[in-house]
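Undergrad: Shown below is the structure under consideration.
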Amino acid sequence: MMERSSVSNRVLDRVQRVQEEIATLCQRAGRDPREVTLMAVTKYVDLETTNAAIAAGVRIIGESREQTLREKLPGLLPGAGELHFIGHLQTNKAKSVAAMADCIESLDSLRLAEALSQAAGEPPQRVMVEVNIGRDQNKSGVDPDALPEFLETLRGYRGLLVEGLMTILPIGLSKVENQRYFSQMKRLSVDIQGKNSDNIIIRHLSMGMSEDYREAILEGATIVRLGSALFLDQ
Ligand SMILES: *Cc1c(COP(=O)(O)O)cnc(C)c1O
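Be aware that the sequence shown starts at 1486, since it is given in the working numbering, and climbs by one per residue.
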């Protein structure tokens, strides 16, 4: 067991190092570092460590299971900016997660869209559409070719506010291959921005995890989702 303070110090140190890295990458890409928000993915860690990330200034906390979110929520420090749900979401848990999460980044089916839209009241539920850019059969997400039609249908779900796209790349690709997929995501997000409507206001591109966030930032990510780089020993 580590002392409370050493947990906080270690997390603070990692968060600061990653923030510096993000700033450097933004500079390299000619981007304003304020365009990129670090999400701490806290699915691996306990409440205390999650709160250490909030105390370190992280503005978005990401969780991938309904149960974990439910258990941690009452104990989270009030300074947490936003809670995002990033895991595969079963329709029967949609209502519960909608009541807890500020934004659900893993919208991957119309059935789920319908359940979330019904669960939401005013204001609408903020969501992002998960895109399976690598067409990986083991992953969920909307096929990139089906995205325009998917979004067209979402216009009818008035309980939803669609804010962006999220993706998880297939594992084990080279940096060049990662960058190519991220660049395809950026192109998709620019294409659909031209079709913004009342409840579709695309402004986020959530892409990049511990192994590939550098390439994601170079290609236009606005949210990078980091778990192991912040919390696990490397
Ligand atoms: C776990 C997870 C992450 C973080 O993964 P790391 O490789 O540990 O940074 C990011 N996004 C999603 C959707 C996840 O499930």
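For glycine and all other residues, C-beta sits at the position ideal for the given N, C-alpha and C.
(1) The alpha helix (DSSP H) spanning I1677 covers which residue range?
(2) May I ask you to verify whether the stretch 1544-1554 touches the stretch 1520-1532, counting CB pairs closer than 8 angstroms and requiring at least 3?
(3) Report back the beta-carbon spacing between G1644 and S1602 to the nearest angstrom; my notes put them in contact at under 8 angstroms.
(4) Is the Cβ-Cβ distance between E1634 and H1689 less than 7 angstroms?
(5) So which of D1683, Q1669, I1687 has the shortest CA-CA distance to I1677?
(6) Are the CB atoms of G1609 and L1636 nearer to each other than 7 angstroms?
(7) As a quick exercise: from L1715, V1709, N1577, L1532, pick the residue whose alpha carbon is nearest that of P1559.
(8) Taking the C-alpha atoms as reference points, what is the distance between S1695 and L1574?
(9) Taking the alpha-carbon positions, what's the P1518 to Q1501 distance?
(10) Give every residue of the same chain whose Cβ lies closer than 7 angstroms to the Cβ of D1628, excluding the five residues on either side of it in the sequence, and list them in chain order.
(11) Is any non-hydrogen atom of ligand 1 found closer than 6 angstroms to the C-beta of I1653, if you look at the structure I gave you?
(12) Taking 6 angstroms as the line, does the beta carbon of G1712 fall inside it for any heavy atom of ligand 1?
(13) Going by beta carbon distance, what residues of the same chain come within less than 7 angstroms of Q1552, once the five residues before and after it are set aside?
(14) DSSP beta-bridge partners for A1605?
(15) Who are the near neighbours of E1590 in its chain, counting only those whose CB is closer than 6 angstroms to its CB and skipping five residues on each side?
(16) For L1561 and M1585, I'd like the C-alpha separation in whole angstroms.
(17) Does the distance between the C-beta of M1694 and the nearest non-hydrogen atom of ligand 1 fall short of 6 angstroms?
(18) Could you tell me the distance, in whole angstroms, from the CA atom of E1662 to the CA atom of I1653?
(19) Once DSSP output is grouped into helix, strand and coil, what is the label at R1688?
(20) In the DSSP assignment, what residue or residues form a beta bridge with F1570?
(21) Roughly how many angstroms separate the alpha carbons of A1604 and D1718, rounded to a whole number?
(22) Rounded to the nearest angstrom, what separates A1583 and R1555 at their Cα positions?
(23) Could you tell me if the beta carbon of V1521 falls within a distance shorter than 6 angstroms of some heavy atom in ligand 1?
(24) Cα-Cα, which of I1656, E1599, G1641 is closest to K1624?
(25) Put Q1610 into one of helix, strand or coil per three-state DSSP.
TA: Per the coordinate set shown:
(1) Segment 1660-1678, the alpha helix (DSSP H) holding I1677.
(2) yes
(3) 3 angstroms
(4) no
(5) I1687
(6) In the sequence as displayed, the identity of residue 1609 is Pro instead of Gly. It is not a contact, given that the beta carbons lie outside the stated cut-off.
(7) L1532
(8) 22 angstroms
(9) 14 angstroms
(10) N1617, R1620
(11) yes
(12) At least one heavy atom of ligand 1 is nearer than 6 angstroms to the Cβ of G1712, so yes.
(13) Hits under 7 angstroms: none found.
(14) Beta-bridge pairing links A1605 to no other residue.
(15) Once the five neighbours on either side are set aside, the close Cβ partners of E1590 are H1569, I1571, M1613, M1651, S1691.
(16) 12 angstroms
(17) yes
(18) 13 angstroms
(19) strand
(20) E1548, I1589
(21) 39 angstroms
(22) 11 angstroms
(23) no
(24) I1656
(25) strand
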